[in-house]
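In my numbering, the protein residues as written are 10 to 189.
Glycine included, each C-beta is placed from N, C-alpha and C at the ideal position.
These numbers come from a predicted model, not from an experiment.
The next block holds one structure in the form of C-alpha cells; read it before the comments.
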Ligand code: PRP
C-alpha cells in the first residue's frame, strides 16, 4: 500500500480543505468585483487547483502550463523550459499562478518574468507549500498555504518519481524510499 511509504502525515485532508477555503476567502476579498484567471503549473498543482477554483466564488477562467526545470537531484536550476504554454491570451488579465510548492524559487522567478512580459493587468502567486529555507531566488508569494521544513513531501499532487500524487493528504516520505 502507498500509505506504508509515508513516515508522517503533515497535513490531513481536513487541514488542507480548511486552508484552501481560507485562501479562497482571501482571494475573493482581494479581487472583489473583478475577474481572475487562475494558472495552474502542471503537474504538481492539479489537485490544489481543482480544490481552490471550486472554493472561489468569483468569475474565473482557468489555464494550464507546464515547465521543466533542469537541475541535479532534487534541486531545480535556473534553466527552465516551457513544455506546454498557455492556451489563452493573458493581456490585461488578473493572473493568479497556482503552484503546489515553492522551493528554490528558480522555476517561479523564471515563469513570473515570462508572464510579466505578456502584459497582464496583475500577477500574483499562490503556493500551497513553501520551503523558505531552500530559497535561492527571491519570489514574492502573495498566498501561502503552509510554510514547511525541508522534508521530502508527497501527496495531494506532489510526487516522488511520479508516484504518490494521488494520496489525499500531504505526508513526509520515508527516507529509505528515496535513499535518503
Ligand atoms: C515543482 C513545483 C514547482 C517547482 C518548485 O515542480 O511544482 O514548479 O518544483 O521548485 P523550485 O522553487 O526549486 O523551482 P516539479 O519540477 O517537481 O514538477 P511537477 O509539478 O510536474 O511534479
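> Should the region 41-51 be regarded as contacting the region 96-114, the criterion being three or more beta carbon pairs within less than 8 Å?
Replying inline: yes
> Taking C-beta to C-beta, are residue 138 and residue 110 nearer than 8 Å?
Replying inline: yes
> residue 73 by DSSP, collapsed to three states: which one?
Replying inline: strand
>> Once DSSP output is grouped into helix, strand and coil, what is the label at residue 5?
In response: In the structure as shown, the chain begins at 10 and stops at 189. Residue 5 is therefore absent and cannot be evaluated.
>> When you compare the region 13-21 with the region 31-38, are there three or more beta-carbon pairs, one atom per stretch, that lie closer than 8 Å?
In response: no
>> From the DSSP secondary-structure annotation, give me the bridge partner or partners of residue 46.
In response: 70 and 104
> CB of residue 108 to nearest heavy atom of ligand 1: below 7 Å?
Replying inline: yes
> How many Å lie between residue 64 and residue 157 at the Cα?
Replying inline: 23 Å
>> Please determine whether the Cβ atom of residue 112 lies at a distance below 7 Å from any heavy atom of ligand 1.
In response: yes
> Under the DSSP definition of a beta bridge, which residues are partnered with residue 139?
Replying inline: 111 and 156
>> Tell me whether residue 115, by its Cβ, gets closer than 7 Å to a heavy atom of ligand 1.
In response: yes
> Quick one, are the C-beta atoms of residue 56 and residue 165 less than 8 Å apart?
Replying inline: yes
>> Can you list, in chain order, the residues of its chain with a C-beta nearer than 8 Å to that of residue 124? Leave out the 5 residues immediately preceding and following it.
In response: 48, 99, 104, 106 and 132
> For the beta strand (DSSP E) that residue 195 lies in, which residues bound it at each end?
Replying inline: With the chain covering only 10 through 189, there is no way to say anything about residue 195.
> Can you give the beta carbon distance from residue 113 to residue 145, rounded, assuming they're within the 8 Å contact cut?
Replying inline: 4 Å
> Can you tell which of 50, 119, 13 and 60 has its C-alpha closest to the C-alpha of residue 96?
Replying inline: 50
> Tell me the DSSP bridge mates of residue 55?
Replying inline: Its beta-bridge partners do not exist; DSSP assigns none.
> If residue 135 and residue 152 are in contact, beta carbons under 8 Å, what's the gap, nearest whole angstrom?
Replying inline: 4 Å
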